[in-house]
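Each residue of the sequence shown is one higher than the one before, counting from 11 in my numbering.
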Amino acid sequence: MKIQARFLWGTAADTYRASLLVRANSPMADTKTGLVVLPQTARIPIRDGTLDFTLPASDGPTLAEPFVYSVWEVMPGGRQYTISVPSGRGGAVQSLRSLRSSEPYQPIPVPRLNSSNWNWSYK
């Protein structure tokens, strides 16, 4: 599912190098293909208050069991919550709030920054 959201906070937002950390709370197992994808943390940059990324659906007929994503807003006043990405929902989502789940948030391990990945390139 395509997710396009807008974050509005302060005028110096870009100086904070704001981003989202997103991680599935459990492995994604496809019963049709037998493929199992283990959770990995993805860092999605927020530039000029805009967020644009795609996530696989967290439910569906071929998944062994539904799961949720933990989301950490890495910015001043950022929140931590979970979202559920339903299958079959057409069009891009404009608000992460519409995907909020009541499942408990699972802490996201912060990716290590080193000389090969500390300076992300932004479009």
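Every residue, glycine too, gets a C-beta built ideally from N, C-alpha and C.
Any non-hydrogen atom of the ligand MG closer than 8 Å to residue i Cβ
{"i": "Ser36", "result": "This structure simply doesn't include the ligand MG, nor any ligand for that matter."}
Beta-carbon gap between residue i and residue j smaller than 9 Å
{"i": "Leu109", "j": "Ser94", "result": "yes"}
{"i": "Ser68", "j": "Pro96", "result": "yes"}
{"i": "Ala102", "j": "Lys42", "result": "no"}
{"i": "Pro37", "j": "Pro55", "result": "no"}
Range covered by the beta strand (DSSP E) that runs through residue i
{"i": "Gln50", "result": "Note, Gln50: premise wrong, no beta strand (DSSP E); not H, not E."}
{"i": "Tyr79", "result": "Tyr79 to Val84"}
{"i": "Leu61", "result": "Thr60 to Thr64"}
{"i": "Leu73", "result": "First-last for Leu73: undefined, no H or E at that position."}
Sequence-distant residues of its chain with Cβ nearer than 8 Å to residue i (five each side left out)
{"i": "Glu113", "result": "Asn35, Val78, Thr92 and Ser94"}
Cutoff 6 Å; reference residue i; Cβ partners in own chain excluding five residues on either side
{"i": "Trp82", "result": "Leu31, Gln90 and Ile118"}
{"i": "Gln116", "result": "Asn35 and Ser80"}
Separation of residue j from residue i, as counted between CA atoms
{"i": "Arg99", "j": "Gly59", "result": "24 Å"}
{"i": "Val84", "j": "Leu106", "result": "15 Å"}
{"i": "Ser29", "j": "Gly70", "result": "28 Å"}
Cutoff 7 Å; reference residue i; Cβ partners in own chain excluding five residues on either side
{"i": "Ser111", "result": "Val78, Thr92, Ile93 and Ser94"}
{"i": "Asp40", "result": "Thr72 and Leu73"}
- What are the complete beta strand (DSSP E) segments, minimum 3 residues, inside the segment 86 to 110? The beta strand (DSSP E) runs of length 3 or more contained entirely in the segment 86 to 110 are, from start to end of the chain, 90 to 93.
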